[in-house]
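According to this note's numbering, the residues represented by the sequence shown are 0 to 304, in order.
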Amino acid sequence: MDHPAIERVAALSGRFAAPAKINLALHVTGRRENGYHDLDSLVVFAEVGDLLHVAPSTADRLTIEGPFAAGLPTDRGNLVLRALDTARRVARAAGVDLAPVHLHLDKRLPLASGIGGGSADGAALLRAVADRHPALRDALLRESLALGADVPMCLTGRAARVSGLGEVSAPLARLPALAMVLVNCGTAVSTPLAFAALARRDNAPLPPVPPGGFAELRALAAYLARTRNDLEAPALSLAPAIGEAVSLLRARGAAFCRMSGSGATVFALFETSREAEDAARAVAGHRPGWWVAATKTLPAGDEPR
Ligand code: C5P
C-alpha cells in the first residue's frame, strides 16, 4: 500500500477559545453494554471559558495558569496533550506532520463541574488543527469521541440537540444570545458516580425541538419547563449545595434555572444582562467562596472564536 508523502508544515499558532458547555436539558435514555449511557441533550456554549494559546516550539510542552490551574496534570494525563496525540495520528494518516508546539492553557473554568472544562480544552486543540487543515476536520470529529463524550460537541461548538453518547449533533436553527449566570459551589462531582447513582436509565427523550429553534428566552424557557436534567437528583445527593445555588438564583428572578451536565455548576437564564449581573453579584456576596460568572450564551450558528 502506498503511504502518503509526509508534508512538514509550519507549526500551529494562535489563540483558541474553549467555551463552557451548558446542558440546558439532559435526558438519559438508555445504557449500553460498555456501561456508557445514551443521552438526549440541548447544549449551548457560553462566552466565558478557558483559553488555549498555541505557539511553535522545539518540543511539545504544556503550561497552565489561571484560577483553576492548581493540580492539573501537564503530562499526557491532560486531555489537551491527549488531543494533540489524536490530532498527530489523524494528520499523519493524511500525510501531514504536525510540528512541536507549546500549549499554554488559561484555566478559568472550575474542574469536574459539568460545563465541559477539559473536553473544551481538548476540543480547542483539535479546532486549532482543523482551522489550519480544514481537510482534517471530519476525521478529527470522528476520532474526538474516544477522548471523551463531550469532546465532539465542544469541537462542533454550536448550540445543538446532542444524542448518542454525545457524538450526534443537530444544530439549533435559531437561538439568540441569552444573559446567563453560572454558579459553582466548589464541590467536584465525579461524572461516573453521578451516572452510577441514577434511579432509572430508560427515561423518555426530549420533546421535539421546534424546527425553527427558539426566537427568544420565553419560548426556550417554556420548552425547558417540559424537560429535565436526569443527573440533577444523583448529583444533588453528592453535592447538596447544588440545591442552594438553584434556590438563590430562582430568588433573584431567573427565567429558568437548572444544573448543567453531571454538576455541580448551575446555570440561570435572565431577560437582561443587567439582571444577570445583579443576580451574580448577589450570589457572590452571599457565598464568597463560590465561583460565579455573569456571561452570555453564544447565539446559534456562532462558532467559538
Ligand atoms: O466520556 P467521559 O470521559 O467524559 O465520561 C466520563 C464518565 O461518564 C464515563 O466513564 C462514564 O462513566 C460516564 N458517561 C456515561 N455515558 C456518557 C458519557 C459519560 O456513562 N454518554
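Think of the CB as a built atom: it goes at the ideal place given N, C-alpha and C, for glycine as much as any other residue.
Query	Result
So, using beta-carbon positions, are Leu174 and Ala293 closer together than 7 Å?	no
Under 6 Å from any heavy atom of the ligand C5P, does the C-beta of Leu164 make it?	yes
Please classify Ser246 as buried or exposed, where buried requires at least 16 other C-beta atoms within 10 Å of its C-beta.	exposed
Determine, using beta-carbon pairs with one atom in the segment 201 to 215 and one in the segment 72 to 81, whether at least three such pairs fall under 8 Å.	no
The ligand C5P and Ala238: does any heavy atom of the ligand fall closer than 6 Å to the residue's C-beta?	no
In the DSSP output, which residue or residues are listed as bridge partners for Glu64?	Asp105
What does the alpha-carbon distance come out to for the pair Thr57 and Pro99?	6 Å
Please determine whether the Cβ atom of Pro204 lies at a distance below 6 Å from any heavy atom of the ligand C5P.	no
Closest to Ala198 by CA distance: which of Ser236, Thr186, Ser162 and Ala93 is it?	Ser236
Compute every distance between the C-beta of Pro191 and the non-hydrogen atoms of the ligand C5P, then say whether any falls below 6 Å.	yes
Output the distance between the C-alpha atoms of Met0 and Gly117, rounded to the nearest integer angstrom.	For Met0, the predicted model reports a pLDDT of 45, less than 50, meaning its position is unreliable and no value from the coordinates is stated.
In whole angstroms, give me the CA-to-CA distance for Arg14 and Leu50.	7 Å
Among Trp289, His132 and Glu270, which one has its Cα closest to the Cα of Thr264?	Trp289
Suppose the cutoff is 6 Å on Cβ atoms and the five residues either side in sequence are ignored; what does the same chain contact list for Ala281 look like?	Arg251
Ile241 lies in the alpha helix (DSSP H); which residues open and close that run?	Ala240 to Ala250
Counting along the chain, where does the alpha helix (DSSP H) carrying Arg160 start and finish?	From DSSP, Arg160 is part of no alpha helix (DSSP H) but of the beta strand (DSSP E) over Ala159 to Gly163.
Quick check on DSSP: helix, strand or coil for Gly116?	helix
Nearest-angstrom Cα distance between Thr271 and Ala178?	6 Å
Going by C-alpha distance, which of Ala86, Leu297, Leu104 and Ala253 is nearest Asp96?	Ala86
For Leu144, which residues from the same chain have a beta carbon less than 8 Å from its beta carbon, with the 5 sequence-adjacent residues on both sides left out?	Val150, Pro151, Leu164, Gly165 and Glu166
Within the chosen definition, does the segment 12 to 31 reach the segment 56 to 70 through at least 3 CB pairs nearer than 8 Å?	no
Jot down the residue ranges of each uninterrupted alpha helix (DSSP H) in the segment 198 to 275, minimum 4 residues, whole runs only, in chain order.	216 to 223, 231 to 237 and 240 to 250
For Ala234 versus Val188, is the C-beta distance shorter than 7 Å?	yes
Taking a contact to mean a Cβ-Cβ separation below 7 Å, would you say Ala122 touches Leu171 in this structure?	no
What residue range is occupied by the uninterrupted beta strand (DSSP E) comprising Ser40?	His36 to Pro55
How far does the beta strand (DSSP E) with Val167 in it reach, from first residue to last?	Val167 to Pro170
Rounded to a whole number of angstroms, what is the C-alpha to C-alpha distance between Ala220 and Ala159?	16 Å
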